[in-house]
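Protein chains in written order, with my numbering: chain A, 1 to 415; chain B, 1001 to 1513.
Written below as structure tokens is the structure these notes are about.
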Amino acid sequence: MSTSTKALNRLGWWDRVSPASKDPITGVTEAFLADTNPHKINLGVGAYRDDEGKPVVLQCVRNAEAKIAGCDFINVGRESNATAVGSKLVEESVKLAYGKDANVVKEGTLAGLQALSGTGACRLFAEFQRRFHPESPIYFPDPTWPNHPNIWRDAQVPVRTFQYYHPVSKGLNFAALMDDIKNAPDASFFLLHPCAHNPTGVDPTAEQWREISYQFKVKSHFPFFDVAYQGFASGDLDMDAQAIRIFLEDGHLIGCAQSFAKNMGLYGHRVGCLSVLCADAKQAVAVKSQLQQIARAMYSNPPIHGLLLVSTILSDPETKALWVKEVKVMANRIQQMRSTLRESLEKLASPLNWEHITKQVGMFCFSGLTADQVDRLVREFHIYLTRDGRMSMAGVTTSNVSYLANAIHEVTRYN
Amino acid sequence: MSHLIASLNDLDPLSKVLTGFDLFRHSALFINKRNNHSKLICNHRPSMTSTSTMLSLASASLTASLSVHENLKGRLKLGGGSLSFKKEKANPFINTKSFSRISMVAAIKVSRFEGVTMAPPDPILGVSEAFKADNDEKKLNLGVGAYRTEELQPYVLNVVKKAENLMVERGENKEYLPIEGLAAFNKVTAELLFGASNPVIKEQRVATVQGLSGTGSLRLAAALIERYFPGAKVLISSPTWGNHKNIFNDARVPWSEYRYYDPKTVGLDFDGMIADIKAAPEGSFVLLHGCAHNPTGIDPTPEQWEKIADVIQEKNHIPFFDVAYQGFASGSLDADAGSVRLFAARGMELLVAQSYSKNLGLYAERIGAINVVCTSADAATRVKSQLKRLARPMYSNPPIHGAKIVANVVGDPTLFNEWKAEMEMMAGRIKNVRQKLYDSLTAKDKSGKDWSFILEQIGMFSFTGLNKVQSDNMTNKWHVYMTKDGRISLAGLSLAKCEYLADAIIDSFHNVS
């Protein structure tokens, strides 16, 4: 050992470290930022932009911010009331997901913990799953957000997929999905996107959700919902939680990761919530204690500023009402852009069918573009998106939609 | 489907399977209790292999948990043959339930997580919780290392308020930070630690990634060690901050302890420390507290630091600093970074975790950083990319608010100077409190015991030398809340309460064994 470590000493400890490949999503943003072309468009990361292509801080957030910034009263409470703030956040979050009149909310038979946005909530759950169901795999829809497998793998949970997207119809492959649910071993863990599926924008209908829920009962599967876009699918927060409510009605004890990154525009603040429904309040206490222990060894507790913002917004009826309006505005603008893009492509007499642009829901459009076509969009037109063809419609504006339509038409007209 | 019947004799392992059941309101569990034996009617799925064997019970909605069955330790006789289940080490987290209870909950929802036991309360945070529950007006919280004013109130630094107001005025957006964090923050934090003109900075040999305070930064480093130095051990001081072990355990990094605290002298067991570092396998990581050791308050002298560096170099170990109190130890940010700079000056590669929880009072904002000093800029780039890859599946990107505060305070000369003054004030208050406590103890204690360690120890904490029973006495009799290892947080002590505390310490020390 000693000669090789002496050699190591000359080269340094970190010589064995190879460069990590770029994250497929944030790598797009990095490339976009480095591009100096005036026509560039960023359709990469799922972050909302206004019609000028600018990031938006919601008015409800500004209001909440003004309340809590630099102010002695709130500040002094900040450190010692961190637990109280966290609890308030959980209380309000679960109402959003499950409905404020849901039994689980009223009776407190759930373990809830504030988390580092959706990623953090998923990671907490993945670690928890591993700890209490070691060797159980998790099933993801194919495709899913690329970070999902990273999260569960780093928690040492084996990953599997179930069929979801139908590349020909650019819609849901429901029959195959149901088959995979049936064929999976009983009591498997499944991750589901309750609305605005990322990356495809393809969501099951309410009827289809009911069938999925029923089959989950038959198979005793564990449903874990990743709720990253509540409000962005239909513009209505309750409507977007419909899948969750269906599962609740059917008596499933689910798990839920919620993110406030998109629907409250709090991306950088890392605010989210993990909840796990339990059989009774006692078990909820036990489960929460284990989740807290996992969090303690990772980062102790999440940053309070974001928690304060969210709980301030959600617990004040006026501010909350303002938020609900602002979510609708964001969802509407995206729906508008979807229509405009589709119309533009149809006007250009594109040989392809672009129905899916308006059928798909939420922030993303799974365009069906191939990796080569995407590369051309990047190279020739300075339009940035992930190579799976996923476009973040939030990056489309009335001033760039024609340019975008022309570019897409160019790269697809002869294929 | 063939039906297989299991008899209760062999069902003890099966009872563990039943803890994973998901029962639904309209389902029924077919169990007949007969002479303490029960029969379970099972449906055996035809397409199973032994490792994925499932038992599905008679009613369509009752099925056994795939993963729970893996915990079965026995053989289960089913029908003619026997199925053996993979043996698994007992999982310390799972609590198995008895069979008879299950029959009673047939009609009720049973959660997949039925076997989850209550986690033990965190020893440090648990103290604060107990303190809150105490109604005695004399109570004193010397548990968590969080700074309090003389009035025992939390303190928000003026520079922090100013920075926050500036940020609100500017109306900055809340977009995602890059995975590695706010660039402005990463720049100032590395400069604060090493000094802006330090060669490691000038040569771009430091990989700096914003982390979730000290804990999060340590966890990233632990994950890096686990991935790139599988099997390498981390040596931690005995004692050390309680969460260090949890972090390395959860990151699956093995650790062992080196001697540090000498209860006889209430000082540093330097020879023991050197011997243990020497004895460790070559290429171990040595976790060192940059200044203001937690929980003892005992720091090596500069000469001792040199010797520690010597033995680390000799054994090809890698130094791993936890810097949670830069500025709090002596009151000077530069002086407190002395140990780290000493090692860097020797050309050593090192890991350094930083936290702004205490020195900027940003506890709840979770702002810190992990720094890896490498021999080359190229290595630093590669290491940074791998730290990012570890962070992405943990939380994607770090929180923005605390990073902006630090960047604004440290990056602005006026605010920076104001911060230095506030830090001296905070560190000064603690030094005054130490003096007053020492004076009170010396005046009141007639036994001649030497209390000077209170003055020699440095930073927020003092290791009193009280054992667990004595510490319990402090709490039970005197309503003084502290951790069971005898650590008191002087940051939670006011001048006004020094005499009361001295009484409590003297009583616990002399009258309780």
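For every residue, glycine included, the Cβ atom is placed at its ideal position computed from N, Cα and C.
Bear in mind the structure is a predicted one, so any value in this text is a computation, not a measurement.
Where residue i and residue j are concerned, what is the direct C-alpha to C-alpha distance, given to the nearest angstrom?
{"i": "E418/A", "j": "M337/A", "result": "Nothing can be reported for residue 418/A: it is not among the residues displayed for chain A, which extend from 1 to 415."}
{"i": "P1123/B", "j": "G1242/B", "result": "8 Å"}
{"i": "G1214/B", "j": "D1336/B", "result": "16 Å"}
{"i": "K262/A", "j": "R1259/B", "result": "49 Å"}
{"i": "V85/A", "j": "D1445/B", "result": "44 Å"}
{"i": "I294/A", "j": "D1507/B", "result": "38 Å"}
{"i": "N37/A", "j": "M393/A", "result": "20 Å"}
{"i": "K320/A", "j": "V61/A", "result": "10 Å"}
{"i": "W1478/B", "j": "A82/A", "result": "27 Å"}
{"i": "V202/A", "j": "W323/A", "result": "25 Å"}
{"i": "N1511/B", "j": "S136/A", "result": "54 Å"}
{"i": "K1174/B", "j": "M264/A", "result": "10 Å"}
{"i": "W344/A", "j": "L58/A", "result": "Just to set this straight, residue 344/A is Ser in the shown sequence, not Trp. Their Cα atoms are separated by approximately 30 Å."}
{"i": "T161/A", "j": "F140/A", "result": "5 Å"}
{"i": "N1043/B", "j": "R1112/B", "result": "Per-residue confidence for N1043/B stands at a pLDDT of 35, beneath the threshold of 50, marking its modelled position as unreliable; no derived number is given."}
{"i": "F1270/B", "j": "R1366/B", "result": "33 Å"}
{"i": "A1196/B", "j": "L124/A", "result": "37 Å"}
{"i": "F366/A", "j": "H39/A", "result": "22 Å"}
{"i": "I313/A", "j": "E65/A", "result": "10 Å"}
{"i": "H166/A", "j": "G251/A", "result": "30 Å"}
{"i": "L341/A", "j": "F260/A", "result": "28 Å"}
{"i": "L308/A", "j": "A1364/B", "result": "11 Å"}
{"i": "V1068/B", "j": "H133/A", "result": "Low confidence applies here, because V1068/B scores a pLDDT of 36, under 50, leaving its location unreliable; read the following figure in that light. Distance between the alpha carbons of V1068/B and H133/A is about 7 Å."}
{"i": "V1286/B", "j": "G1115/B", "result": "37 Å"}
{"i": "R1170/B", "j": "G1402/B", "result": "16 Å"}
{"i": "D316/A", "j": "G46/A", "result": "28 Å"}
{"i": "I1430/B", "j": "M1460/B", "result": "7 Å"}
{"i": "R1346/B", "j": "L1218/B", "result": "23 Å"}
{"i": "E1300/B", "j": "L1268/B", "result": "Note on identity: in this sequence residue 1300/B is Pro, with Glu being the wrong assignment. Taking the straight line joining both Cα atoms gives about 7 Å."}
{"i": "A1427/B", "j": "E1418/B", "result": "14 Å"}
{"i": "G1272/B", "j": "A1504/B", "result": "32 Å"}
{"i": "K1404/B", "j": "D179/A", "result": "50 Å"}
{"i": "L1493/B", "j": "G27/A", "result": "49 Å"}
{"i": "Q335/A", "j": "V105/A", "result": "32 Å"}
{"i": "E1150/B", "j": "L274/A", "result": "38 Å"}
{"i": "L1455/B", "j": "V1266/B", "result": "12 Å"}
{"i": "S1052/B", "j": "M239/A", "result": "Interpretation of S1052/B is limited by its pLDDT of 33, a score under 50 that renders its predicted location unreliable; the figure taken from the coordinates is listed afterwards. C-alpha separation (whole angstroms): 39 Å."}
With DSSP run on the structure shown, which of helix, strand or coil describes residue i?
{"i": "A69/A", "result": "coil"}
{"i": "P317/A", "result": "helix"}
{"i": "G389/A", "result": "coil"}
{"i": "G268/A", "result": "helix"}
{"i": "V417/A", "result": "Here chain A has residues from 1 to 415 only, and residue 417/A is not among them."}
{"i": "S1440/B", "result": "helix"}
{"i": "I1201/B", "result": "helix"}
{"i": "G201/A", "result": "coil"}
{"i": "P55/A", "result": "strand"}
{"i": "R1112/B", "result": "coil"}
{"i": "T340/A", "result": "helix"}
{"i": "P141/A", "result": "strand"}
{"i": "E1137/B", "result": "coil"}
{"i": "C195/A", "result": "coil"}
{"i": "G395/A", "result": "helix"}
{"i": "S1471/B", "result": "helix"}
{"i": "Q159/A", "result": "Checking the sequence, you will find Val at residue 159/A rather than Gln. Looking at V159/A - three-state DSSP - the assignment turns out to be strand."}
Opposite residue i in the DSSP bridges: which residues?
{"i": "W1419/B", "result": "Answer is none; W1419/B lacks a bridge partner."}
{"i": "A1207/B", "result": "V1372/B"}
Along the chain, which unbroken stretches of the beta strand (DSSP E) at least 3 residues long are found entirely within the region 1211 to 1250 of chain B? List check, beta strand (DSSP E) in window: 1234 to 1238.
Ordered list of beta strand (DSSP E) runs contained in the region 1302 to 1382 of chain B, each at least 3 residues: Complete beta strand (DSSP E) runs here, min 3: 1318 to 1323, 1350 to 1355, 1368 to 1373.
Taking one C-beta from the region 219 to 238 of chain A and one from the region 186 to 198 of chain A each time, how about it: are there three or more such pairs within less than 8 Å? Because the criterion of three Cβ pairs below 8 Å is met, the region 219 to 238 of chain A and the region 186 to 198 of chain A touch.
Cβ contact (3+ pairs, closer than 8 Å) linking the region 1388 to 1402 of chain B and the region 1135 to 1144 of chain B: Contact fails: fewer than three Cβ-Cβ distances are below 8 Å.
At what residue ranges does the region 81 to 125 of chain A contain a whole run of the alpha helix (DSSP H), taking only runs of 4 or more? Runs of the alpha helix (DSSP H) inside the region 81 to 125 of chain A: 82 to 98, 103 to 107.
If we require 3 or more residues per run, which beta strand (DSSP E) segments fall completely within the region 207 to 248 of chain A? Runs of the beta strand (DSSP E) inside the region 207 to 248 of chain A: 222 to 227.
Can you list, in chain order, the stretches of the beta strand (DSSP E) that have 3 or more residues and sit fully within the region 19 to 45 of chain A? You should have found no qualifying run.
Indicate whether the contact test is met: 3 or more Cβ pairs, each with one atom in the region 224 to 234 of chain A and one in the region 11 to 25 of chain A, closer than 8 Å. No: fewer than three Cβ pairs fall under 8 Å.
Answer yes if the region 1277 to 1285 of chain B comes into contact with the region 1312 to 1323 of chain B, meaning at least three C-beta pairs across the two stretches below 8 Å, and no otherwise. Judged by pairs of C-beta atoms under 8 Å, the region 1312 to 1323 of chain B touches the region 1277 to 1285 of chain B, as three or more such pairs exist.
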